[in-house]
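Working notes, beginning with the structure itself.
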Amino acid sequence: MLRFFLKRAVAIIPLVLLVSLICFALMQATPGGPVGVLTDNPMVGPEDVARIRANFGFDRPVIVQYGLWLKRVLLHGDFGHSYVTGEPVIEMIWQRLPATLELMGAAFLLAFLFGLSGGIVAALKRYTKFDSVIMLVTLFGISIPVFWLGLMSMMLFTVKWRLLPSAGMFALGVPFSVMDHLRHLLMPSLVLSLLFIASWSRYMRASLSDVLSMNYINVARAKGATRGSVVFRHAVRNAAIPVLTVIALNLPALFTGSIITETIFAWPGMGRLFYDGLLRQDYTRLMGIIFIASALIAVLNLIADTIYGLLDPRIRLAR
Amino acid sequence: MAFSTPVLDSPAKGGSRRAVVVQTVHPLRDTLRSAPTRASRGSDHNCFSSALRKSPLAYAAFIVMSLIVLGAVFAPLMSPYHKDKIDLTRQYLPPSLDHPFGTDDLGRDIFVRVMHGGRISLAVGFLAMLVALAIGVAAGGLAGYYGGWVDAVLMRAVDLMLAVPVFFVILFLSSVVSPKISIVAVCLMIGFTQWMEVARLVRAVVMTTKEHEFVDAARTLGLPDRRIIVRHLLPHTTAPVLVAITLGLAQAIIIESGLSFLGFGVQPPTPSWGAMLQNAQSYLSDCPWIAIFPGLMICLTVVCCNVLADFLGEAMSPARRAAR
Chain A
369 MLRFFLKRAV AIIPLVLLVS LICFALMQAT PGGPVGVLTD NPMVGPEDVA RIRANFGFDR
429 PVIVQYGLWL KRVLLHGDFG HSYVTGEPVI EMIWQRLPAT LELMGAAFLL AFLFGLSGGI
489 VAALKRYTKF DSVIMLVTLF GISIPVFWLG LMSMMLFTVK WRLLPSAGMF ALGVPFSVMD
549 HLRHLLMPSL VLSLLFIASW SRYMRASLSD VLSMNYINVA RAKGATRGSV VFRHAVRNAA
609 IPVLTVIALN LPALFTGSII TETIFAWPGM GRLFYDGLLR QDYTRLMGII FIASALIAVL
669 NLIADTIYGL LDPRIRLAR
Chain B
172 MAFSTPVLDS PAKGGSRRAV VVQTVHPLRD TLRSAPTRAS RGSDHNCFSS ALRKSPLAYA
232 AFIVMSLIVL GAVFAPLMSP YHKDKIDLTR QYLPPSLDHP FGTDDLGRDI FVRVMHGGRI
292 SLAVGFLAML VALAIGVAAG GLAGYYGGWV DAVLMRAVDL MLAVPVFFVI LFLSSVVSPK
352 ISIVAVCLMI GFTQWMEVAR LVRAVVMTTK EHEFVDAART LGLPDRRIIV RHLLPHTTAP
412 VLVAITLGLA QAIIIESGLS FLGFGVQPPT PSWGAMLQNA QSYLSDCPWI AIFPGLMICL
472 TVVCCNVLAD FLGEAMSPAR RAAR
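Chains as they are written, first to last, in this note's numbering: chain A, 369 to 687; chain B, 172 to 495.
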């Protein structure tokens, strides 16, 4: 198992390198290159630009620059300074990361619990009214764009029924309380998770239905295993494997959803930071966030792979 | 058997030597002819319409989707108002007979804008899917047919694209290009991030199909690789690819609307469903119709695509067809 894990861990290194190469190429592609913003400033003459370029090493060959940039990023976590605020990018991200992880974690948890249990129940009651209702609800769940869902729930729960706050992580001017924080978290995390609840339960239903029609399930039943044991010990364990693939593939979508959700609900996380950076064309910040997000996805994929190996001995023994 | 007849009557005309040639060539052609693509082409169509009638949900989706497309096509004929006509005496009107979907902050008729928005959103979706289809089929076809390092390189590219939060990259690129981002650029960017699913499917089908005898036959006939891939292998990918691009169309529409909603896709005053929602958040409490209708259209379209994709997948899976 350890060998399998290490193999997978080593495999993400070229992936992260490639992502960094893309980030760096994007940075070079910005208008005017890395000093593009300065050339717009009337107080900065061409000779100043040349001096700044020399100072930062931008006059050296691109490949050398890439090497230096990568060294700074990997060894010191240094993504440079924000064009707009002058703060180190890594510190900006570091401040916002916990809020994003909290939101995505909550959404993931909701999606995992409701998605998988919904799928299991639907598969066990296949072709009943209950199943059709779940399938219809999840059909809409996978079809509603997250920003519209956000707007609609804000319209109903905040504007109309005045049940939940529409923005931020805490109520202003009130001492911190866990309840208040959870109230702020509830709507964004539900909005972010609905797509995943719906899609994972559909996959779980399909996968579990397939598994339940297999011979070894009949054998387990014939041996006299209880219904619960057949479903949870024999079937769900195998049915979860393809669903896990889908979950791992959905990780980038979770980040995408978080940009939009955080923007709508003014959640002070990395997505919001990214959106602000877009509006102000703060390219160093954007690059830093893309890199960190990709690295996070790579690590989460590694975890998914590991669980994959734990669930399915064929995978961990084959390679 | 097709190849036995020429052998019987050839000695009378051209002697045994020619008969041998005929005999060796014909089984090959025969195999080529019996390749499943040719044989099943005619019956697929009938299957489709009869299967559609048997599935009420898919039938409904088909009709609604047709209505949305028709509405988009005939948008200018549907209402006396112009899509960009600003009328400050008619701001914030709730839905009424005059304005079925109400009017927005500049007094523009939302119904007309939603219909026109359908043109943009559907066109962006279709074009983006065409881009994705072209890239995906090319990458998948090459990877599946040649294998080896071609396959390795292309599949690593797929893995990479699947592991990067591509929406961030699209947003970044649009912010580099903005504010003058063109609709074609939006289509291209979405297409470049949606081809992986198609590539994987095509690769898988090509890899299994190329082991069949008729491909050996085509090679023996000396057909160039390009022709073998395009004419003999790619047709087999039609069914799964059709499903994938129907789902992909839905995805592309959602991505476009998300980009435009954030202000980095289709630019105002051009109405796309997402762009119409851009300022809607400010008017949620007083004029919710500004936010409701464009989003409803996105949902309807995407639901229809998803239902049709499910339906196509079931209608075209060989197991199902055999069982019928």
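Backbone N, C-alpha and C define an ideal beta-carbon position, used for all residues, glycine too.
Note that the structure is a prediction, hence the values are computed from the model and not measured.
| Item | Value |
| --- | --- |
| Examine chain A for any beta-carbon lying closer than 8 Å to the beta-carbon of V340(B), and answer yes or no. | yes |
| With DSSP as the reference, label H602(A) as helix, strand or coil. | helix |
| Got a sec, what are the start and stop residues for the alpha helix (DSSP H) H449(A) sits in? | Per DSSP, H449(A) belongs to no alpha helix (DSSP H) and is neither H nor E. |
| So which residues of chain B does M523(A) contact, with C-beta pairs closer than 9 Å? | L455, S456, P459, A462, I463 |
| State the Cα-Cα distance for the pair V178(B) and T391(B), rounded to the nearest angstrom. | No answer about V178(B) holds up, because its pLDDT of 37 lies below 50 and its placement is not dependable. |
| Based on DSSP bridge pairs, tell me the residues matched to T274(B). | D280(B) |
| Just the chain B side, please: which residues come within less than 9 Å of F623(A) by C-beta, in chain order? | P336, F338, F339 |
| Who are the near neighbours of R570(A) in its chain, counting only those whose CB is closer than 6 Å to its CB and skipping five residues on each side? | T506 |
| Just how far apart, CA to CA, sit G429(B) and I665(A)? | 21 Å |
| Should the region 235-243 of chain B be called in touch with the region 290-299 of chain B, which here means at least 3 C-beta pairs below 8 Å? | yes |
| Starting from the C-beta of L311(A), find all residues in its chain whose C-beta is less than 7 Å away, skip the five residues before and the five after it, and write them out in chain order. | As shown, chain A starts at 369 and ends at 687. That puts residue 311(A) outside it, with no answer to give. |
| Output yes if chain B places a C-beta closer than 8 Å to the C-beta of Y451(A); else output no. | no |
| Where are the alpha helix (DSSP H) runs, 4 residues long or more, that stay fully inside the region 287-367 of chain B, in chain order? | 319-334, 337-348, 354-363 |
| Closest to G318(B) by C-alpha separation, out of I341(B), A375(B), Q452(B), would be which residue? | A375(B) |
| Using a Cβ cut-off of 7 Å, pull out every chain A residue sitting near A451(B), in sequence order please. | L519 |
| Give the secondary structure of V192(B) by DSSP, where H, G and I count as helix, E and B as strand, and everything else as coil. | Note that V192(B) scores 40 on pLDDT, short of 50, meaning its location in the model is unreliable and no value can be drawn from it. |
| Fully enclosed by the region 483-538 of chain A, which beta strand (DSSP E) runs are 3 residues long or longer? | none |
| How far does the alpha helix (DSSP H) with S431(B) in it extend, from its first residue to its last? | 409-433 |
| Give me the DSSP bridge partner(s) of P456(A). | H449(A) |
| Starting from the beta carbon of N669(A), find every residue of chain B whose beta carbon is closer than 7 Å, and list them in chain order. | A334 |
| Closest to T629(A) by CA distance: which of L471(A), L679(A), S567(A) is it? | L471(A) |
| In angstroms, rounded to a whole number, what distance separates the CA positions of T208(B) and P406(B)? | Annotation note: pLDDT 46 at T208(B) (below 50); position unreliable, no value reported. |
| Based on Cα-Cα distance, which residue from I352(B), V437(B), I416(B) lies nearest to E368(B)? | I416(B) |
| Tell me the DSSP secondary structure of M249(B) in three-state form. | coil |
| Could you tell me whether any Cβ in chain A is nearer than 8 Å to the Cβ of C358(B)? | no |
| Can you look up D673(A) in the DSSP assignment and give me helix, strand or coil? | helix |
| Whose Cβ in chain B lies nearer than 7 Å to the Cβ of Q649(A)? | S346 |
| Please name the residues in the region 415-442 of chain B whose beta-carbon is closer than 9 Å to at least one beta-carbon of chain A, in chain order. | A421, I424, I425, I426, S428, G429, F432, L433, G434, F435 |
| With distances taken between CB atoms, is the gap from M249(B) to V283(B) smaller than 8 Å? | yes |
| Using the Cα positions of F633(A) and G645(A), report the straight-line distance between them to the nearest angstrom. | 17 Å |
| Within 8 Å (strictly less), CB to CB, does L612(A) reach chain B? | no |
| Using a C-beta cutoff of 8 Å, does T631(A) count as contacting chain B? | yes |
| By DSSP, does L203(B) sit in helix, in strand, or in coil? | Its pLDDT being 47, under 50, L203(B) is placed unreliably by the model, and the measurement read from it follows with that caveat. Correct three-state label for L203(B): helix. |
| Tell me whether S226(B) sits in a helix, a strand or coil according to DSSP, three-state version. | coil |
| Relative to the C-alpha of V514(A), which residue among L641(A), L484(A), W568(A), T624(A) is closest? | T624(A) |
| Cα separation between S345(B) and G436(B)? | 7 Å |
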